[in-house]
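Accompanying notes for the structure given below.
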Amino acid sequence: MIPYATINRRALLGGLAGTALLPLTGRAAFAGTPLNVVATTGMIADAARQVGGDQVTVRALMGPGVDPHAYRQTRSDIVAMTRADLVLWHGLYLEAQMQEFFHDLARKRRVVAVADGLPRDVLRAHDDYADKFDPHVWMAPDLWKRVVEQVQLALSDARPEAADVFAANATAHLADLDALATYAAQSLAQIPPQARVLVTAHDAFGYFGAAYGLEVMGIQGISTESEAGLNRISTLVDTLVDRRIGAVFVESSVSDRNMRALIEGAASRGHQVRIGGELFSDAMGAEGTYEGTYIGMIDHNVTVIAGALGADVPPRGMSGRLSAGS
Ligand SMILES: [Zn+2]
25 MIPYATINRR ALLGGLAGTA LLPLTGRAAF AGTPLNVVAT TGMIADAARQ VGGDQVTVRA
85 LMGPGVDPHA YRQTRSDIVA MTRADLVLWH GLYLEAQMQE FFHDLARKRR VVAVADGLPR
145 DVLRAHDDYA DKFDPHVWMA PDLWKRVVEQ VQLALSDARP EAADVFAANA TAHLADLDAL
205 ATYAAQSLAQ IPPQARVLVT AHDAFGYFGA AYGLEVMGIQ GISTESEAGL NRISTLVDTL
265 VDRRIGAVFV ESSVSDRNMR ALIEGAASRG HQVRIGGELF SDAMGAEGTY EGTYIGMIDH
325 NVTVIAGALG ADVPPRGMSG RLSAGS
């Protein structure tokens, strides 16, 4: 139970009030009361906020810097999901530690795995599991648009009377995602041919690389569950040295220990590699900041990667191109 004093304090915070207050009513949502939505990742929560507008309150379980491959639900997460009108998770084995929990929850609550709705022919194979796919679809805005459409469907199913509102909000957001994809393509196209290699802490950038013509190499695989072996690090050191790769990238949700080993390995062979910047791979930036939105996250990644690999891009290059009101 949330103490009364806490509720009052939260109510004063305006927009946040619904998240705290709604579960206490314990009844199904009705028109006029925002739909109580719980999402696993920040990216899915952002999509639900963009499409849901003032018809929803959204809580993300995984904050900045949290690794979804390793995350397990906490006691307060379980309470929030049990009280939610709609629970959105990613699927495609991203939340590997929560699979069973969601399958159980789906028997009792309205639960949707939003990326599971994507057609298989747009998905990349998973290196570690023959029967699974690479879950990092948010890395390519054109693919993420399909997930946003799945979020729109899920919200409309949960609240049919607001379907028109969700459709209008989705149309506006999809237009912004088109602008983001255009900005990304234009910026990344400026990287010179010999520098079109993206070395990161884990293999989160497969869709990004495929969309924008960059070769990607992760120290760890598609999931962070398995440790990188010494072999992998020494192979990558060879690649950095042989191809004179000048910059590598750390990730906000993965330890930089392996990356330091890589840089030291190259240095011991007389090749200096610098850290091109920190990327948001599996979690967004801090809540309330530009990088704490999906568009800000991808804009940051595009701008940092393009700049570090030799393109001429303005900081937050995308932010002037959004539709009014975003
Ligand atoms: Zn990942």
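Residue numbers (the numbering used here): 25 to 350. Cβ atoms here follow ideal geometry from the backbone N, Cα and C, with glycine treated the same way.
- Alanine 187 and serine 180 have their C-alpha atoms roughly 5 Å apart.
- Ligand 1 has no heavy atom closer than 7 Å to the beta-carbon of histidine 114.
- In this structure, alanine 228 has its beta carbon less than 7 Å from a heavy atom of ligand 1.
- Beta-bridge analysis with DSSP links isoleucine 299 to Val272.
- Alanine 225 sits away from glycine 66, with the two beta carbons spaced by 8 Å or more.
- In terms of Cα proximity to histidine 324, the closest of Ala192, Gly309, Ala335 and Ala94 is Gly309.
- Taking 7 Å as the cut-off, one finds at least one heavy atom of ligand 1 near enough to the beta carbon of threonine 248.
- Secondary structure note for histidine 226: it is in no alpha helix (DSSP H), and the uninterrupted beta strand (DSSP E) holding it is 221-226.
- In this structure, DSSP gives isoleucine 246 a state outside helix and strand, which the three-state scheme calls coil.
- With a beta-carbon spacing of about 6 Å, threonine 64 and histidine 114 fall inside the 8 Å limit used to define contacts.
- Taking the Cα of valine 328 as reference, the smallest distance to any Cα among Leu222, Ala182, Thr313 and Gln74 is reached at Leu222.
- In this chain, threonine 317 is not harboured by any alpha helix (DSSP H), its DSSP state being neither H nor E.
- Positions of the alpha helix (DSSP H) runs, each at least 4 residues long and wholly inside the segment 99-148, are given as 99-107 and 123-129 in order along the chain.
- Look at methionine 86 here: in three-state DSSP terms it is coil, with no helix or strand label.
- Around the beta carbon of alanine 69, 16 or more other beta carbons sit within 10 angstroms, so the residue counts as buried.
- Collapsing the DSSP output to three states places threonine 263 in a helix.
- Spatial neighbours of leucine 303 in its own chain (CB-CB distance under 6 Å, excluding positions within 5 residues in sequence) are listed in chain order as Phe273, Glu275 and Asn325.
- Of the candidates Ser277, Ala209, Thr81 and Val90, Thr81 places its Cα closest to the Cα of methionine 105.
- The C-beta separation of serine 211 from valine 337 comes to about 5 Å, placing the pair in contact by the 8 Å criterion.
- In the three-state reduction of the DSSP assignment, phenylalanine 190 falls in the helix class.
- Beta-bridge pairing by DSSP links methionine 241 to Val223.
- In the structure shown, phenylalanine 157 falls within a strand segment according to DSSP collapsed to helix, strand and coil.
- Per the C-alpha coordinates, the member of Ala203, Met163 and Pro143 positioned closest to glutamine 174 is Pro143.
- Residue pairing from DSSP places valine 80 in a beta bridge opposite Leu59.
- A straight-line Cα-Cα distance of about 8 Å links glycine 76 and valine 189.
- Nearest C-alpha to valine 161 among Asp145, Gly312, Ala154 and Phe232: Phe232.
- Tyrosine 95 sits close to glutamate 119, with the two beta carbons spaced by under 8 Å.
- Around the beta-carbon of alanine 332, 16 or more other beta-carbon atoms lie within 10 Å, marking it buried.
- Listed in chain order, the non-local C-beta contacts of histidine 150 below 7 Å within the same chain comprise Lys156, Phe157, Asp158 and Ile246, local neighbours out to five positions each way being set aside.
- Your pair leucine 110 and leucine 59 checks out as a contact, with CB atoms roughly 6 Å apart and the cut at 8 Å.
- DSSP, read as helix, strand or coil, puts glycine 309 in coil.
- Taking 8 Å as the cut-off, the Cβ atoms of histidine 197 and glutamine 296 do not count as close.
- Secondary structure at leucine 333: coil, using DSSP grouped into helix, strand and coil.
- Alanine 69 carries a helical assignment under DSSP once its states are collapsed to helix, strand and coil.
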